[in-house]
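**Q** All residue numbers for the sequence shown refer to our numbering, where the first residue is 85 and numbers rise by one. Idealized CB from N, CA, C, for every residue including glycine.
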Amino acid sequence: PALVVALVNERRAAHGLPPLTWSPTLAQAAQAQAEDCSRRGWCSHVGSDGARLRDRLARLGYTPRFAGENWVNAQDPQRAVLWWYDEPPGADPHRRNLLSDHYTEIGVGVAQAPWGYYFIADLAGP
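#1: Taking L207 as part of the alpha helix (DSSP H), name the residues at either end of that continuous run.
#2: In or out: Q159 buried (at least 16 other Cβ within 10 Å) or exposed?
#3: What residues match up with T105 in a beta bridge as DSSP calls it?
#4: Please give me, in chain order, every unbroken run of the beta strand (DSSP E) with length at least 3 that falls completely inside the stretch 138 to 177.
#5: I'd like the span of the alpha helix (DSSP H) that includes A135, first residue to last.
#6: Check the C-beta distance from A113 over to L144 and give it rounded, since I have them as a contact under 8 Å.
#7: In this structure, what does DSSP give as the bridge partners for A195?
#8: Near F150, what residues of its chain come up, given a Cβ to Cβ distance below 7 Å and the 5 sequence neighbours on each side ignored?
#9: Taking buried to mean at least 16 other C-beta atoms within 10 Å of its own C-beta, is E189 buried or exposed?
#10: For the alpha helix (DSSP H) that L87 lies in, which residues bound it at each end?
#11: Give the DSSP-derived three-state secondary structure of S128 in the structure shown.
#12: Buried or exposed for Q117, please, with buried defined as at least 16 other CB atoms from any protein chain shown within 10 angstroms of its CB.
#13: Starting from the C-beta of T105, find all residues in its chain whose C-beta is less than 7 Å away, skip the five residues before and the five after it, and write them out in chain order.
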């Protein structure tokens, strides 16, 4: 998780944005979602119980004004962040999440996937 955060913050710095700070609560939500995806053998933004990111955060007592989630099945942290960042304009929701000035915090979860790992980055801001 720490390398994902460092890589995301490098890209934010290249765009003149402040770094995201680590949130244990977001990390807990992201890790639980990554493990849920691993148990299922596939991933989406909706958990096996039907919960979306805001539902998962509310269960943890966290209700930020802004919240977003990126996930990908990749071999390593570098490929995960590259996949999110290199989306083409107009079809780039993951890139926009990484570069949004609405977000100030990040938490990352990682779990085994059929072809590498599920990387989940949950982002939030007040």
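**A** Well, looking at it:
#1: Here L207 belongs to no alpha helix (DSSP H); instead the beta strand (DSSP E) covers 200 to 209.
#2: exposed
#3: E189
#4: 150 to 158
#5: First-last for A135: undefined, no H or E at that position.
#6: 6 Å
#7: Y202
#8: H186, Y187, A208, G209
#9: buried
#10: 86 to 98
#11: coil
#12: buried
#13: T188, E189
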